[in-house]
Amino acid sequence: MNAWTYLLLGILFEVSATSTLKLSEGFTKPLPTTICLLGFCAALYALSKAVETLEIGVVYAIWSGAGIVLIALIGIVFYGETVNLAKVFFTALVLIGVVGLQLQSVHA
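Going by the working numbering, the first residue of the sequence shown is number 1343, and it counts up by one from there.
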């Protein structure tokens, strides 16, 4: 598996884990708590594999930025969080930064 695939998997595991964090209700619900903890472990493993090849700063920026954008969307769609122009604008800035870093690192 290549480093970009590991990074994508790391993002997906981290987003899954963060999404179930709210459902765990302070780690009092066994199933969401287990999914959350396993998701974070899998995310860190995948991230560790990605940084074997890719630059750690780029990997971390893409990992955290993509996570921010996806979690914001999940919060809006599944948890009824508010949407306003400022939230959309600043989330879009994060997304632009993630795409820019990915494009820069592919061409470097």
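Glycine included, each C-beta is placed from N, C-alpha and C at the ideal position.
For residue 1432, the closest of 1371, 1402, 1366 and 1410 by C-alpha to C-alpha distance is 1410. Inclusion of residue 1403 and residue 1352 in the CB contact set at 7 Å is not warranted, their separation being larger than that value. Sixteen is the threshold: when 16 or more other Cβ atoms of the shown chains lie within 10 Å of the Cβ of residue 1378, as they do, the residue is buried. Across the structure, residue 1391 and residue 1419 are spaced so that their CA atoms are roughly 31 Å apart.
For residue 1355, the uninterrupted alpha helix (DSSP H) run begins and ends at 1345-1365, by DSSP. Nearest to residue 1357 by C-alpha distance, out of 1441, 1426, 1447 and 1380, is 1380.
Shown here for residue 1446: not one same chain residue has a beta carbon closer than 6 Å to its own, the five before and five after excluded.
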